[in-house]
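**Q** Mapping of the sequence shown onto mature numbering (1 follows the signal peptide of the UniProt record, and there is no 0): residues -21 to -1, 1 to 80, in sequence order.
Each residue gets a CB set at the ideal place from its N, CA and C atoms; glycine is no exception.
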Amino acid sequence: MNKHAIALSALALLATAPAFANQQLAQQKNCMSCHAVDKKIVGPAYKDVAAKYKNDPKAEAMLVQKVMKGGAGVWGPVPMPANNISEADAKTLVKWVMSQK
């Protein structure tokens, strides 16, 4: 295998690693019990959240607070409970959610 192919393979792996790691974080924090990337379970699909807030510059900060403190009424009657999660992890998850298309 030539050097260019090896370099391209390494770059491809590095590009997908953060997305996989962030999905793992969502699974570790039990987010995936109520949410999925592309379909509604109890809570909205992450793709729907990203689409709803994609043009809102204040969305990420608001969603970080929702992840940490919980909330209700935006996506239906079932409330999202407060989560035992650090602000840094909540920011990581929200950035990942907002990257879903």
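1. Using the C-alpha atoms, what's the distance from Gln44 back to Tyr32?
2. Give the C-beta separation of Asn62 and Val46 to the nearest angstrom, bearing in mind that I take them to be a contact with Cβ-Cβ under 8 Å.
3. I'd like to know whether the C-beta atoms of Lys26 and Asp17 end up nearer to each other than 8 Å.
4. Could you work out which residue in Ala24, Gln7 and Gln6 is closest to Lys80 when comparing CA atoms only?
5. Which parts of the region 19 to 43 are runs of the alpha helix (DSSP H), unbroken and 4 residues or longer, counting only runs that do not cross its ends?
6. To the nearest whole angstrom, what separates the beta carbons of Gly49 and Pro60, a pair I think is in contact under 8 Å?
7. So the alpha helix (DSSP H) Met77 belongs to, where does it begin and stop?
8. Using alpha carbons as the reference points, say which of Lys70, Asn1 and Gln3 lies closest to Lys37.
9. Val21: buried (16+ other C-beta within 10 angstroms of its C-beta) or exposed?
**A** Walking through what the data contain:
1. 15 Å
2. 6 Å
3. yes
4. Ala24
5. 25 to 32
6. 5 Å
7. Glu66 to Met77
8. Lys70
9. exposed
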